[in-house]
Amino acid sequence: WGYEKLHKHFEKRAIDEMKHAEKLIGRILFLEGTPIVSKLGRMSIGADASKQLASDHALELGAIKAYNDAIKLAGEVSDFATREILEHILQDEDTHIDRIEELQDQIGHMTLPLFLTTQIG
């Protein structure tokens, strides 16, 4: 649709998430486990940028909770290397949610059509 700036936001976050998956899969393999990548969560596609950001926000909140739970568990079993990996990923997730909220605030202040004009090229 020509919203290059918005596209870059979504693309960067998608690349970050792929890197997270690589780190987690690598750690699972190192621990001699079998990563299960065939059970994907339900895909969420928003009807417009505002709805997509709202959906992404909810997913990021869920990820943050899951990472916090996993960090706690890793600490309880003294797996400090895994905990460190999870803590780095959690920092990225915090950055993601901050950026999503920033974009949502911009939409709230200027309306979606005007916001989209700022995302061209």
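Under our numbering, read the sequence shown as residues 507 to 627, first letter to last. Where is the CB? At the ideal position from N, CA and C, for every residue including glycine. Predicted, not measured: the structure shown is a model, and the values here were computed from it.
Assigned exposure category for residue i - 16 Cβ within 10 Å defines buried
i, result
"Ala572", "exposed"
"Phe536", "exposed"
"Leu567", "exposed"
"Asp562", "buried"
Assigned secondary structure, residue i (DSSP; H/G/I helix, E/B strand, else coil)
i, result
"Thr624", "coil"
"Leu537", "coil"
"Ile551", "coil"
"Lys501", "There is no way to answer for residue 501, as the model of the chain reaches only from 507 to 627."
"Asp585", "coil"
"Gly532", "helix"
Which listed residue (the options) has its alpha carbon closest to that of residue i
i, options, result
"Gln612", "Leu592, Gln625 and Ala587", "Gln625"
"Ile606", "Asn574, Ala576 and Ala555", "Ala555"
Proximal residues to residue i (C-beta, below 7 Å), its chain only, five neighbours per side dropped
i, result
"Phe621", "Gln612 and Ile613"
Test item: CB-CB of residue i and residue j under 7 Å
i, j, result
"His526", "Ile603", "no"
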